[in-house]
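Step one of this worksheet: look at the structure below.
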Amino acid sequence: MSSPARWLVIRARLASGVVDDGRLPDALIDLGGRAVQMEDEGWWVTHLAEAAVDTDRADLWRDRLSGYLPPGGIEVECSWQDHEDWAELWKRGLEPRRLTDRLVVTPSWCTSEAGPGDVVITVDPGMAFGNAEHGTTRGCLRLLDEAVRPGDRVLDVGAGSGILAIAAALFGASEVWALEADPLAIPTAIMNAEANQVADRVTVVEETSTVASLRRRGRFDGVVANIQRAILEGLLPGLRATVRPGGWLILSGVPAEEWDAMAASARTVGFIPDAVDADGEWRSGRFRAPGP
């Protein structure tokens, strides 16, 4: 599929005096932003593909963002940007992130201070969700670091940029399947797998996952799914069928206030809670399937 001709640039910041609880960048992602970057003077900026934009009115975007944020004012600016300039914007200010004792996520134009034994994932901002700028991605990466064992067979449902599938391969998985419904994200995920030299172990597939399609995938040692709670809950029977006895499941994309309900739904289909990662307002959790 061809790239969008242009992108809607949304810049937003909290008004003076409003308590910043860290939710603004997550709100921009939730409303369709492809990645989020902080600029000077408290501004956050994101881009939306033209086909996904129903309005470029700043007042309407301000109203939408207000529903996610603490009481008070928010400033919003909107403008259009040609596609070819999009990636260059994100190079300003992005730096390597160390997420665990050994895991570093870095853009390709940065020199990371990785040491011996570190696992480095190189992911540039692109037309797909997932570059460690969102709490759900970070939570999944931390839980994956603890879960993946050498030789594991792993499934990533809702792969986006492919960052979680790539991480699983770098942590030692011998075979990873990355399923993604958005056709715009597929080339990005493939490119990222190649850039991280794991394309021989990561297979990217365009698929809108259903319970039936997941059941046809067979059994995996581990499964990760970073998507909205409503979708996760509908897929749980299929996810349960894909995890081998004694295997693990990582779920994310769930706000803190909804996590207890999400965990209860996972227990209903037979998963056993194992660990929870908290990152701002977001929760990610790891579960075990009964068995040896």
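Convert by adding 194 to the 1-based position in the sequence shown; the result is the number in my numbering.
For each residue, glycine too, the CB sits at the ideal point set by N, CA and C.
As the structure is a computational prediction, the values presented were derived from the model and not from experiment.
Buried versus exposed call for residue i [16 or more other C-beta atoms within 10 Å across all chains shown]
| i | result |
| --- | --- |
| Pro377 | exposed |
| Cys334 | buried |
| Met321 | The predicted model places Met321 with a pLDDT of 47, which falls under 50 and marks its position as unreliable, so this point remains unresolved. |
| Cys304 | exposed |
| Asp394 | exposed |
| Met195 | Any reading at Met195 must be qualified, since the residue scores a pLDDT of 46, below 50, and its modelled position is unreliable; no value is offered. |
| Arg477 | buried |
| Trp274 | exposed |
| Thr249 | exposed |
| Gly440 | exposed |
| Asp454 | exposed |
| Gly267 | exposed |
| Pro310 | exposed |
| Ser368 | exposed |
Close beta carbons around residue i, own chain, < 6 Å, minus the five adjacent residues each side
| i | result |
| --- | --- |
| Glu475 | Arg217, Pro449, Ala450 |
| Val270 | Ala206, Ala252, Trp255, Arg256 |
| Asp312 | Arg296, Val298 |
| Gly356 | Ala372, Ala383, Asn386, Ala387 |
Cβ neighbours of residue i in the same chain (closer than 8 Å, five flanking residues each side left out)
| i | result |
| --- | --- |
| Ala375 | Gly352, Glu400, Glu401, Thr402, Ser403 |
| Ile380 | Glu374, Val398, Glu400 |
| Arg258 | Leu225 |
| Thr436 | Leu349, Leu408, Arg409, Arg411, Gly412, Arg413, Phe414, Val417 |
Chain-order list of residues whose beta-carbon lies under 7 Å from that of residue i (same chain, five-residue window excluded)
| i | result |
| --- | --- |
| Leu338 | Leu358, Ala361, Ala362, Phe365, Val418, Ile444 |
| Val392 | Ile360, Ala363, Leu364 |
| Pro431 | Val405, Val463 |
Which residues DSSP lists as bridging residue i, in chain order
| i | result |
| --- | --- |
| Ala372 | Asp350, Val398 |
| Phe414 | Val437 |
| Leu297 | Val313 |
| Thr404 | Beta-bridge pairing links Thr404 to no other residue. |
Check your understanding: In the region 416-485, which residue ranges form an unbroken alpha helix (DSSP H) of at least 4 residues, counting only runs that do not cross its ends?
Key -> Taking 4 residues as the minimum length, the alpha helix (DSSP H) runs contained wholly in the region 416-485 are 423-436, 453-462, in order along the chain.
**OP:** Determine, using beta-carbon pairs with one atom in the region 233-244 and one in the region 198-207, whether at least three such pairs fall under 8 Å.
**Re:** Touching, yes.
task = Please list the segments of the alpha helix (DSSP H) lying wholly inside the region 246-272, counting only runs of 4 or more residues, in order along the chain.
result = Listed in chain order, they are 252-260.
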